[in-house]
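Enquirer: Could you have a look at this structure, given as structure tokens, before my questions?
Numbering (the numbering used here), first residue to last: 3 to 372.
Structure (structure tokens):
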């Protein structure tokens with residue numbers, strides 16, 4: 003081997019160590035925020051409860067197969083003044099099921115120019131509501147009866163103008179648990195865990211369950227501030243933070259379960275659509291975050307299995323395995339598929355890369371968006 007080739011190999015090796023070390027330092031710094039996570043949302047005792055009128059708004063498009071359990075849990079439950087289901091031009095029995103469960107059903111109108119479907123459905127429901135506070139829930143959520151007042155209680159107690167929470171994921175097949183847990187972990191590697199302070203331009207949220215003061219929210223334009231966003235929840239949180247709102251994102255796994263996807267293919271297609279946070283994160287930051295996920299989360303374990311690893315890979319692989327203990331409570335079941343989810347970290351990285359590279363229009367629920 004020539005001296006030139008040796009110098010080139012040495013340069014590549016040094017660059018690899020530097021890149022992996024830097025990515026690892028960034029990832030570990032973000033993961034270490036878990037030591038400062040705020041307490042999860044819990045049901046307050048009656049003496050601690052803050053009196054407030056609450057309307058629940060549920061955007062629903064072709065949700066006949068999923069919306070029943072949600073409505074059974076919240077219609078007529080303690081602290082809930084009304085439940086409004088916005089039937090977003092469904093082609094199934096969503097509206098009749100909602101009426102039968104005792105919810106108020108609003109027939110959603112055609113999308114105005116520049117609006118995405120969920121944002122428009124939420125806007126119509128929030129405008130029609132009468133409560134001082136609005137709690138929005140997706141049709142695939144399964145709340146405990148005390149979630150809604152507990153969410154508003156916590157927002158009032160902590161001074162949040164806008165609060166979202168993460169629930170516990172119900173993944174019905176080994177394939178969904180295998181891939182979903184890996185995809186969830188990419189968010190932690192990029193943004194840290196819920197319940198910790200973040201920069202305004204890195205604020206996170208979960209649109210499956212949100213709470214806000216109705217009047218103040220409508221005064222600033224409501225969902226119109228993020229009307230065209232497909233990833234409307236995170237776009238909204240960042241817009242509100244930039245406007246001076248106090249925004250929180252907390253854990254509520256004991257009070258909320260979510261069944262997002264039914265199969266491995268659903269998980270890949272559904273979450274892969276938004277995992278890169280299109281329209282929310284600048285492209286340069288998407289690429290930088292992908293590098294952290296790839297170098298610090300996805301590659302260390304394969305490098306060790308292929309006997310090409312070094313001390314950096316050992317530290318990062320051990321860190322990755324440690325995250326499994328941290329995200330365990332985010333799942334209703336932790337079987338072998340869950341514990342083997344690091345084996346899908348490379349596909350999850352590919353999903354993020356595909357989301358970054360995708361340009362033009364994308365489809366969701368029979369609609370196409372820019």
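Ideal placement from N, C-alpha and C gives every residue a C-beta, glycine not left out.
Keep in mind that this is a model prediction, so the values were computed, not measured.
May I ask you to verify whether the region 136 to 149 touches the region 55 to 66, counting CB pairs closer than 8 Å and requiring at least 3?
Expert: yes
Enquirer: Starting from residue 325, trace the alpha helix (DSSP H) in both directions and tell me its first and last residue.
Expert: The sequence position of residue 325 within the chain shown is 323, counting from 1. Residue 325 -> alpha helix (DSSP H) spans 313 to 329.
Enquirer: What did DSSP end up calling residue 270 once you bin it into helix, strand or coil?
Expert: The sequence position of residue 270 within the chain shown is 268, counting from 1. In the three-state reduction of the DSSP assignment, residue 270 falls in the helix class, which pools H, G and I.
Enquirer: What does the alpha-carbon distance come out to for the pair residue 119 and residue 113?
Expert: On the chain shown, position 117 is the one that residue 119 refers to. On the chain shown, position 111 is the one that residue 113 refers to. Each residue's alpha carbon lies about 7 Å from the other.
Enquirer: Might you give, ordered along the chain, the residues of its own chain that have their beta carbon closer than 7 Å to the beta carbon of residue 215, omitting 5 neighbours on each side?
Expert: Sequence index remark: in the chain shown, residue 215 carries index 213 (1-based). So the qualifying residues of the chain are 134, 135 and 163.
Enquirer: Looking at the secondary structure, which residues open and close the alpha helix (DSSP H) in which residue 164 lies?
Expert: Residue 164 sits at position 162 when you count from the first residue of the chain shown. Element bounds for residue 164: not the alpha helix (DSSP H) but the beta strand (DSSP E), 164 to 168.
Enquirer: Distance check for residue 110 and residue 96, CA to CA, integer angstroms please.
Expert: For this step, residue 96 is matched to residue 94 along the chain shown. For this step, residue 110 is matched to residue 108 along the chain shown. Approximately 12 Å between the Cα atoms of the pair.
Enquirer: For residue 73 and residue 100, which I take to be in contact (beta-carbon distance under 8 Å), what is that distance rounded to the nearest angstrom?
Expert: Taking the first residue of the chain shown as 1, we reach residue 73 at position 71. Taking the first residue of the chain shown as 1, we reach residue 100 at position 98. With 8 Å as the limit, residue 73 and residue 100 qualify as a contact, their Cβ atoms being about 6 Å apart.
Enquirer: Short check: CB of residue 251 to CB of residue 207, under 8 Å?
Expert: Residue mapping note: residue 251 aligns to position 249 of the chain shown, counting from 1. Residue mapping note: residue 207 aligns to position 205 of the chain shown, counting from 1. Closer than 8 Å, so yes.
Enquirer: With burial defined as no fewer than 16 other Cβ atoms inside 10 Å of the residue's Cβ, what is the status of residue 327: buried or exposed?
Expert: In the chain shown, the residue the question calls residue 327 occupies position 325. Classification of residue 327: exposed, given that the 10 Å Cβ count is below 16.
Enquirer: Quick check: the Cα distance between residue 46 and residue 347, rounded to an integer number of angstroms?
Expert: Numbered from its first residue, the chain shown carries residue 46 at position 44. Numbered from its first residue, the chain shown carries residue 347 at position 345. Distance from the CA of residue 46 to the CA of residue 347, rounded to the nearest whole angstrom, comes to 38 Å.
Enquirer: Between which two residues does the beta strand (DSSP E) harbouring residue 57 extend?
Expert: Taking the chain shown and counting its residues from 1, one reaches residue 57 at position 55. Residue 57 -> beta strand (DSSP E) spans 56 to 62.
Enquirer: Select from 43, 12, 24 and 6 the residue whose C-alpha is nearest the C-alpha of residue 196.
Expert: Walking along the chain shown from the start, residue 196 turns up at place 194. Nearest option by C-alpha distance: 43.
Enquirer: Return yes when the Cβ of residue 229 is within less than 8 Å of the Cβ of residue 150, no when it is not.
Expert: The residue given as residue 150 occupies position 148 in the chain shown. The residue given as residue 229 occupies position 227 in the chain shown. Going by C-beta atoms, residue 150 is not nearer than 8 Å to residue 229.
Enquirer: With a 10 Å radius around its C-beta and 16 neighbouring C-beta atoms as the bar for buried, classify residue 116 as buried or exposed.
Expert: The residue you call residue 116 lines up with position 114 of the chain shown. Burial call: exposed.
Enquirer: Ignore the nearest five residues each way along the sequence and tell me which others in residue 82's own chain have a CB closer than 7 Å to its CB.
Expert: Walking along the chain shown from the start, residue 82 turns up at place 80. These residues qualify, in order along the chain: 56, 58, 76 and 150.
Enquirer: At which residues does the alpha helix (DSSP H) containing residue 84 begin and terminate?
Expert: Position 82 of the chain shown, counted from the first residue, corresponds to residue 84. Segment 84 to 89 is the beta strand (DSSP E) holding residue 84; no alpha helix (DSSP H) there.
Enquirer: Can you tell me where the alpha helix (DSSP H) with residue 102 in it begins and where it stops?
Expert: As a first step, residue 102 is located in the chain shown; it is residue number 100 there, counting from the start. 96 to 102 is the span of the alpha helix (DSSP H), which, as asked, contains residue 102.
Enquirer: Relative to the C-alpha of residue 174, which candidate in 337, 8, 222 and 342 has its C-alpha closest?
Expert: Residue 174 sits at position 172 when you count from the first residue of the chain shown. Per the Cα distances, 337.
Enquirer: Tell me the DSSP secondary structure of residue 42 in three-state form.
Expert: On the chain shown, position 40 is the one that residue 42 refers to. The answer is coil: DSSP assigns residue 42 none of H, G, I, E or B.
Enquirer: Where does residue 263 sit, in a helix, a strand or coil, going by DSSP?
Expert: Mapped onto the chain shown, residue 263 falls at position 261. Reduced to three states, the DSSP call for residue 263 is coil.
Enquirer: Looking at the structure shown, is residue 192 part of a helix, part of a strand, or coil, going by DSSP?
Expert: The count along the chain shown starts at 1 and reaches residue 192 at position 190. In the structure shown, residue 192 sits in a helix (DSSP, three-state: H, G or I).
Enquirer: Return the chain-ordered list of same chain residues with a C-beta closer than 8 Å to the C-beta of residue 126, the five sequence neighbours on each side being excluded.
Expert: Position 124 of the chain shown, counting from 1, holds the residue named residue 126. Taken in chain order, the residues that qualify are 88, 108, 110 and 111.
Enquirer: Can you tell me which of the three DSSP states residue 49 falls into?
Expert: Residue mapping note: residue 49 aligns to position 47 of the chain shown, counting from 1. Unreliable placement is indicated for residue 49, whose pLDDT of 44 sits below 50; the coordinate value is still reported in the next sentence. It is helical.
Enquirer: How should residue 199 be labelled, buried or exposed, when 16 other C-beta atoms within 10 angstroms of its C-beta is the threshold for buried?
Expert: Against the chain shown, residue 199 aligns to sequence position 197. Looking at its Cβ environment, which holds fewer than 16 other Cβ atoms inside 10 Å, residue 199 is exposed.
Enquirer: What three-state label does DSSP hand residue 22 in the structure shown?
Expert: What you label residue 22 is simply residue 20 of the chain shown in a count that begins at 1. Residue 22 falls in the helix class under three-state DSSP.
Enquirer: Suppose the cutoff is 6 Å on Cβ atoms and the five residues either side in sequence are ignored; what does the same chain contact list for residue 22 look like?
Expert: Position 20 of the chain shown holds residue 22. Only 297 and 314 meet the Cβ criterion.
Enquirer: Please classify residue 10: is it buried, with 16 or more other beta-carbons within 10 angstroms of its beta-carbon, or exposed?
Expert: Numbered from 1 along the chain shown, position 8 holds the residue referred to as residue 10. Under this definition residue 10 is an exposed residue.
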